[in-house]
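From first to last, the protein sequence lines stand for chains A and B.
Heads up: the first sequence begins at -5 in my numbering, then just goes up one per residue.
Heads up: the second sequence begins at 43 in my numbering, then just goes up one per residue.
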Amino acid sequence: MRFQVNPSAGQPLYLQLIQQVRHAIETGVLQAGESLPGVRVLAQELVMSPNTVVKAYDELERDGWIDIRHGSGAFVSARRGMKPRADRLRTAQARVRALIAQLQADGLSGEEVQRLFEAELVFAQPIQRRTR
Amino acid sequence: MSDVWAIDTDRLSKRYGTFDAVRAVDLKVARRGITGFLGRNGAGKSTTIKMLLGMIRPTSGAGRVIGRRIDDRAEHLEMRRRVAYVAEDKQTYAYMTVAQMIRFTRSFYADWRPDLERRLLDEYALPPTRRVKALSKGMRTKLALLLALARRPELLILDEPSEGLDPVSIEELLQTLVATAADGTTIFFSSHQIVEVERIADRVCILDQGRLVADVSLDYMRQEYRRITIGFAGEPPMAAFRVPGVEHVRASGRQIDVIASANAQAIVEEARRAAAVSVEVVPIGLRDLFLEKVQHGERDERP
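Below, the structure is given as structure tokens:
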């Protein structure tokens, strides 16, 4: 499993990491009981601050996505209801594809569509806790 | 006692003749984390670092490093034992071999960790019999890091560690720094390479013309800082944008450009109320923030 973060995106790195881990679990790429890399290893692999990894893992554990066992690392927790989520994502993907095709038929460029999506997403995100 | 801070200064200043190299800097660096210290060349970063390490006496102000006063001789010795420093020029004794240099440095520190020394020597693939002067710049950086890290310091201060390194060596350096932070060492490093700071730092302090002009968490910046470009069909209502979170408003014709450090959503609502015809919101990266905060043009006074 390879994660990737973008330091210059307008989203905190720990949230980017959380989303990728959740996405991997939701789609079944990571399955219950499987282990996640340790903090030091992942920090080194992604060349990011270990605090970012710790913060992401803590939040994932709090929300029930993973279990942290001290000394042996982090594991995907056994949760139910994963499958419907994967189905929902597939449905959503089809809808996004159709919308984009429609917008392009209206004469918008790919870049314009992307900008519109990003502008809407900036405010669609739920209020996150402040990190200052 | 300032136990939460690895570095804590109070109006730290340095004046050379009529030149103010460092002006009333209140620097707060949290323990257990990576803090980047950004600034243009000549902004006063090295002078600040040398004052923290007791290598230069401040003209005024005070500071503590690992809770020890930088201007107290006894406390300063205790501090230097627990703080490691990698200087800009990585000056070591050029005529010694790598092994001699390690043995020489080890003799000064009672808490030297031979296991760590061996692990790092192995990891960095340093040739023990090679003379320091024959090492490449990347290898000299690794040797300087080994000498600093084999004591497992509480705080590691580095002055422009990536200066002159090739991209592969920079990548290895950054990996070493994050691994060191994962082992519990606080890291404070100066740089003018925005990209590397943006990748590994938790927080960034920006020094400009001797003044601290920004101290911000990078995740906070990613989440809250936005550039909002607003277009109007008539005269832009500048007064409408005097709201909290607005750092800067610039008008060019019927378009205005707002830099916000918070409340982007409220600012957009304000724009809509003022009958804006177009609103575009984009995140601000560290490069934009840096360029926003520092003075442009050359600094004319020199020490």
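The beta-carbon is built from N, C-alpha and C at its ideal position, and this holds for glycine as well.
Using 8 Å as the limit for Cβ to Cβ distance, is residue i near chain B?
{"i": "residue 126 of chain A", "result": "With a pLDDT of only 40 at residue 126 of chain A, under 50, the local geometry of the prediction cannot be trusted, and no value is derived from it."}
{"i": "residue 122 of chain A", "result": "Low local confidence applies: a pLDDT of 46 at residue 122 of chain A is under 50, so the model's placement there is unreliable, with the coordinate-based value given in what follows. Answer yes: the Cβ-Cβ gap between residue 122 of chain A and chain B drops below 8 Å somewhere."}
{"i": "residue 23 of chain A", "result": "no"}
{"i": "residue 107 of chain A", "result": "no"}
{"i": "residue 90 of chain A", "result": "no"}
{"i": "residue 70 of chain A", "result": "no"}
Is any beta-carbon of chain A found at less than 8 Å from that of residue i?
{"i": "residue 322 of chain B", "result": "yes"}
{"i": "residue 261 of chain B", "result": "yes"}
{"i": "residue 43 of chain B", "result": "The predicted model places residue 43 of chain B with a pLDDT of 45, which falls under 50 and marks its position as unreliable; any figure quoted below should be read in that light. It does not: the Cβ of residue 43 of chain B has no partner Cβ on chain A nearer than 8 Å."}
{"i": "residue 343 of chain B", "result": "Since pLDDT at residue 343 of chain B reaches only 49, below the 50 mark, its modelled position is unreliable, and the value read off the structure follows with that caveat. Chain A contact via Cβ: absent."}
Quick one: list the residues of chain A neighbouring residue i, beta-carbon separation under 7 Å, in chain order.
{"i": "residue 301 of chain B", "result": "Those do not exist, as residue 301 of chain B stays about 13 Å from chain A at its closest Cβ, beyond 7 Å."}
{"i": "residue 76 of chain B", "result": "43"}
With a threshold of 7 Å, establish whether the CB of residue i neighbours any heavy atom of the ligand NAD.
{"i": "residue 55 of chain B", "result": "Ligands in the displayed structure: none, and consequently the ligand NAD is not present."}
Can you pull the chain B neighbours of residue i, defined as C-beta to C-beta under 8 Å?
{"i": "residue 5 of chain A", "result": "264, 265 and 325"}
Based on the DSSP output, what are the partners of residue i in its beta bridges?
{"i": "residue 115 of chain B", "result": "BP columns for residue 115 of chain B are empty, so no partner."}
{"i": "residue 102 of chain B", "result": "B:55"}
{"i": "residue 297 of chain B", "result": "B:273 and B:294"}
{"i": "residue 164 of chain B", "result": "Its beta-bridge partners do not exist; DSSP assigns none."}
{"i": "residue 325 of chain B", "result": "B:268"}
{"i": "residue 232 of chain B", "result": "B:79 and B:201"}
{"i": "residue 62 of chain A", "result": "A:68"}
{"i": "residue 262 of chain B", "result": "Answer is none; residue 262 of chain B lacks a bridge partner."}
{"i": "residue 70 of chain B", "result": "B:50"}
{"i": "residue 139 of chain B", "result": "B:173"}
{"i": "residue 30 of chain A", "result": "A:68"}
{"i": "residue 250 of chain B", "result": "B:253"}
{"i": "residue 111 of chain A", "result": "Its beta-bridge partners do not exist; DSSP assigns none."}
{"i": "residue 52 of chain A", "result": "Answer is none; residue 52 of chain A lacks a bridge partner."}
{"i": "residue 61 of chain B", "result": "B:58"}
{"i": "residue 288 of chain B", "result": "B:302"}
{"i": "residue 127 of chain B", "result": "B:199"}
{"i": "residue 110 of chain B", "result": "B:107"}
By the criterion of Cβ-Cβ separation under 9 Å, what are the contact partners of residue i in chain A?
{"i": "residue 167 of chain B", "result": "Neighbours of residue 167 of chain B on chain A: none; closest Cβ ~17 Å, over 9 Å."}
Give the residues of chain A in contact with residue i, contact being defined as C-beta atoms less than 8 Å apart.
{"i": "residue 241 of chain B", "result": "1, 41 and 42"}
{"i": "residue 244 of chain B", "result": "43, 45 and 46"}
Below 9 Å on C-beta distance, what does residue i contact in chain B?
{"i": "residue 113 of chain A", "result": "321, 322, 323 and 324"}
{"i": "residue 15 of chain A", "result": "Near residue 15 of chain A there are no residues of chain B at all, since even the closest Cβ is about 17 Å away, more than 9 Å."}
Do you know whose CA, among the options, lies nearest residue i's CA?
{"i": "residue 290 of chain B", "options": "B:250, B:306 and B:302", "result": "B:302"}
{"i": "residue 171 of chain B", "options": "B:179, B:154, B:190 and B:145", "result": "B:145"}
{"i": "residue 308 of chain B", "options": "B:326, B:294 and B:284", "result": "B:284"}
{"i": "residue 109 of chain B", "options": "B:88, B:122, B:178 and B:321", "result": "B:122"}
{"i": "residue 136 of chain B", "options": "B:281, B:181 and B:84", "result": "B:181"}
{"i": "residue 82 of chain A", "options": "A:1, A:21 and A:35", "result": "A:21"}
{"i": "residue 234 of chain B", "options": "B:82, B:77 and B:252", "result": "B:82"}
{"i": "residue 205 of chain B", "options": "B:68, B:74 and B:183", "result": "B:183"}
{"i": "residue 239 of chain B", "options": "A:-4, A:-2, A:2 and A:-3", "result": "A:2"}
{"i": "residue 112 of chain B", "options": "B:124, B:321, B:96 and B:331", "result": "B:96"}
{"i": "residue 274 of chain B", "options": "B:298, B:286, B:282 and B:263", "result": "B:298"}
{"i": "residue 26 of chain A", "options": "A:61, A:103, A:85 and A:99", "result": "A:61"}
{"i": "residue 100 of chain B", "options": "B:164, B:143 and B:58", "result": "B:58"}
{"i": "residue 177 of chain B", "options": "B:140, B:227 and B:201", "result": "B:140"}
{"i": "residue 253 of chain B", "options": "B:277, B:218, B:159 and B:86", "result": "B:86"}
{"i": "residue 39 of chain A", "options": "B:326, B:130 and B:242", "result": "B:242"}
{"i": "residue 211 of chain B", "options": "B:263, B:270, B:167 and B:149", "result": "B:167"}
{"i": "residue 48 of chain A", "options": "A:-5, A:9 and A:94", "result": "A:9"}
Between residue i and chain E, is there a C-beta pair that is closer than 8 Å?
{"i": "residue 239 of chain B", "result": "Judged by its chain identifiers, the structure shown contains no chain E, and its protein chains are A and B."}
* **Residues of the region 211 to 232 of chain B whose Cβ lies closer than 8 Å to any Cβ of chain A, in chain order** => 213, 216, 217, 220, 221, 223, 224 and 225
* **Interface residues of the region 31 to 60 of chain A facing chain B [CB-CB below 7 Å]** => 33, 34, 37, 38, 41, 42, 43, 44 and 45
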